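Residue numbers (our numbering): 1360 to 1716.
Everything below concerns the one structure shown next.
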């Protein structure tokens, strides 16, 4: 394109990206992976529709930065799921995109080499290959969609999706969610207000027409029919946690007033742990206690969890990193995660009233 003093003033360069169709051709969905995705979506829908009384647990790293660690974590989920599948539906967090308040590592898709080379073409390939490996193992997957182009590359391997606190209010993301093929959780805004997420649910249930790309990467008008399986995710906010009984009741009243499903899931990290991973179990036990005591519209919990607890700085490249430790938000470790899930399975299934301590 001819240079112009009024166009691309701050653009340094552009690179053509592989099309979604070409990436899918290179990494097609195997029958085993497809079976996992369809099973996972259907089980989540049944929980949302009140046809399955298990509690849904979404657990996994804050963000994926190491493929070997991700597969290791998935294998542990698979074993634990066999033990608890009559009590809990366990979904693995497989998060490749990280919204940043200012700047920072944006996730495996955008910088797969962890060195600011931003090889997005490779990042998409790595993300799709990893998602395929995990679903082929039989593990159900959940992810947050941040860039509205990314679902064309990965959505066929996702069982459950979220729209984050910073993007739930975005018209672009509400429209995107209206066309997604899986149930979608909308997080409350960063101020802790659930109304934004409720508005997003209403918007995403409706048909839309908007600009996007098709499977060949061609700019297109996307027409959607609306997504009937939206739900709220409470994640706390700047004002503090919102997982307590009074906050949950308030959110469910607002959902009822809006004429949408009153089911919600609680994210035990972020504002609900005051960004301290050691407080996630406190929130988790409180929410499970509410469910065990009769609030069946609390459909599940989310935990940020990794092989080992805590977090580490991305300094010096991937070779310097400690195995199984987050490079974004701090996580609880696997042993604590497994203990919490076993505890929750017993309490929810037996309907024994419990205290949060």
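Cβ atoms here follow ideal geometry from the backbone N, Cα and C, with glycine treated the same way.
Since the model is a prediction, treat every value here as computed from it, not as a measurement.
Proximity of residue 1513 and residue 1486 at Cβ, strictly below 8 Å: yes
Contact check, residue 1433 vs residue 1496, beta carbons under 8 Å: Yes, these two residues count as a Cβ contact at 8 Å.
Cβ-based burial, residue 1530 [other Cβ within 10 Å; buried from 16]: exposed
Cutoff 8 Å: residue 1663 Cβ touching any chain D Cβ: No chain D appears in this structure, which consists of one protein chain only.
Close-in-space but distant-in-sequence residues of the same chain around residue 1488 (CB under 7 Å, 5 per side omitted): 1386
Beta-bridge partners of residue 1626, as assigned by DSSP: 1661
CB of residue 1584 within 8 Å of CB of residue 1563, strictly: no
Nonlocal neighbours in the same chain, by C-beta distance under 7 Å from residue 1468, ignoring five residues either side: 1455, 1456, 1479, 1482, 1483, 1486, 1509
4-residue-minimum alpha helix (DSSP H) runs that sit fully inside the segment 1480-1533, ordered along the chain: Counting only runs of 4 or more, we get 1510-1513.
Closest by C-alpha distance to residue 1705, when choosing among 1527, 1648, 1363: 1648
Alpha helix (DSSP H) runs wholly inside the segment 1408-1475, at least 4 long, in chain order: 1426-1443
In DSSP terms, what residue 1545 is bridged to: 1522, 1591
Selected residue, minimal CA-CA separation from residue 1623, among 1640, 1601, 1632: Of the candidates 1640, 1601, 1632, the one whose C-alpha sits nearest the C-alpha of residue 1623 is 1601.
Under the three-state DSSP convention, the category residue 1377 falls into: In the three-state reduction of the DSSP assignment, residue 1377 falls in the coil class.
Residue interval of the beta strand (DSSP E) (run including residue 1572): 1567-1572
Inter-residue Cα distance where the pair is residue 1365 and residue 1451: 46 Å
Residues near residue 1555 by beta carbon distance below 7 Å, same chain, minus five either side: 1527, 1528, 1547, 1548
Cβ neighbour criterion (16 or more within 10 Å) applied to residue 1679: Result: exposed.
Where residue 1685 falls, given that 16 or more other Cβ within 10 Å makes a residue buried: In the assembly as shown, residue 1685 is a buried residue. Its beta-carbon has 16 or more other beta-carbons within 10 Å.
Paired residues, beta bridge with residue 1582 - DSSP: DSSP, once it has assigned bridges, lists 1568 as partnering residue 1582.
Short Cβ contact (8 Å threshold) for residue 1594 with residue 1626: yes
Supposed contact pair residue 1630 and residue 1551 - C-beta distance, whole angstroms, cut 8 Å: Contact flag correct, Cβ pair sits at about 6 Å.
Selection from 1477, 1522, 1520, 1453 that minimises the alpha carbon distance to residue 1491: 1453
Inter-residue spacing [alpha-carbon to alpha-carbon] between residue 1614 and residue 1462: C-alpha separation (whole angstroms): 34 Å.
Alpha helix (DSSP H) segment containing residue 1609, residue limits: Start and end: 1604-1617.
Close Cβ partners of residue 1533 (< 7 Å) along its chain, the five nearest in sequence each way excluded: 1559, 1562, 1563
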